[in-house]
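Numbering (the numbering used here), first residue to last: 1230 to 1349.
By construction, the Cβ of each residue, glycine as well, lies at the ideal position given by its N, Cα and C atoms.
Please read all numbers here as calculations on a predicted model, not as lab measurements.
Worksheet: one structure, shown below.
Next up, the structure:
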């Protein structure tokens, strides 16, 4: 099968914080909360990531994300759209796949550089 992704993806665990899922950006802005649940990624690219959550999130919902990339100072913060949620195992864990929505180009480059370096 041909790979159709715009960005290279790697399986790696990095620290990520996420907020709860919102129906849309307007609902998210009303809350003015921030990412507060700690998790780790299952895989990551400059276009999105998959993280482990203890709750399901509706496909199409919006979630705030804060990513800590090893070797990069500060955090990468953005929102993403949930594109897939899948229950894994019997322990109540879910894999949540998110496509980045408002990632700054400088942060996208940091992620892309990190992924390419780790893939080598």
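Requested in this report: For residue 1334, count neighbouring Cβ atoms within 10 angstroms of its own Cβ and tell me buried if that reaches 16, exposed if not.
Outcome: What you label residue 1334 is simply residue 105 of the chain shown in a count that begins at 1. Label assigned to residue 1334: exposed.
Query raised in the report: How many whole angstroms separate the CB atoms of residue 1274 and residue 1237, which I take to be in contact at a CB cut-off of 8 Å?
Result: Within the chain shown, residue 1274 is the residue found at index 45, counting from 1. Within the chain shown, residue 1237 is the residue found at index 8, counting from 1. Rounded to the nearest angstrom, the Cβ distance from residue 1274 to residue 1237 is 6 Å, consistent with a contact under 8 Å.
Query raised in the report: Which whole-angstrom value describes the C-beta separation of residue 1298 and residue 1257, a residue pair presumed to lie in contact below a C-beta threshold of 8 Å?
Result: Taking the chain shown and counting its residues from 1, the one referred to as residue 1298 is at position 69. Taking the chain shown and counting its residues from 1, the one referred to as residue 1257 is at position 28. No, residue 1298 and residue 1257 are not in contact; Cβ-Cβ is about 23 Å, not under 8 Å.
Requested in this report: Within its chain, find whatever has a CB closer than 7 Å to the CB of residue 1345; leave out the 5 residues flanking it on each side and keep chain order.
Outcome: What you label residue 1345 is simply residue 116 of the chain shown in a count that begins at 1. For residue 1345, where only same-chain residues beyond five positions count, the Cβ hits under 7 Å are 1237.
Query raised in the report: Relative to the ligand GTP, is the shortest distance from any of its heavy atoms to the C-beta of residue 1290 smaller than 7 Å?
Result: Looking at this structure, you won't find the ligand GTP or any other ligand, since it has none at all.
Query - Coarse secondary structure for residue 1231, derived from DSSP in three states - result: Taking the first residue of the chain shown as 1, we reach residue 1231 at position 2. With a pLDDT of 46 at residue 1231, under the threshold of 50, the modelled position of this residue cannot be trusted, and the question is left open.
Query raised in the report: Closest to residue 1281 by CA distance: which of 1270, 1288, 1289, 1287 is it?
Result: For the purposes of this step, residue 1281 is taken as residue 52 along the chain shown, with counting starting at 1. Measuring from the Cα of residue 1281, the nearest candidate turns out to be 1270.
Report task. Leaving aside the five residues before and after residue 1308 along the sequence, list all residues of the same chain whose C-beta is less than 6 Å from its C-beta, in chain order. Result -> As a working mapping, residue 1308 is identified with position 79 in the chain shown. The residues are 1291, 1293, 1330, 1331.
Report task. Could you name the residues of the same chain whose beta carbon sits closer than 6 Å to that of residue 1337, not counting the 5 residues immediately before and after it, in chain order? Result -> By 1-based counting over the chain shown, the position of residue 1337 is 108. The beta carbon of residue 1337 is closer than 6 Å to those of 1275 in its chain, skipping five residues each way along the sequence.
Query raised in the report: residue 1267 bridges to which residues according to DSSP?
Result: Numbered from 1 along the chain shown, position 38 holds the residue referred to as residue 1267. Answer by DSSP bridge pairing, in chain order: 1246.
Report task. Can you check DSSP and say which residues form a bridge with residue 1278? Result -> As a working mapping, residue 1278 is identified with position 49 in the chain shown. In the DSSP assignment, residue 1278 is bridged to 1273, 1327.
**Report entry** Nearest residue (CA-CA) to residue 1285, options 1241, 1321, 1277
**Finding:** The count along the chain shown starts at 1 and reaches residue 1285 at position 56. Nearest option by C-alpha distance: 1321.
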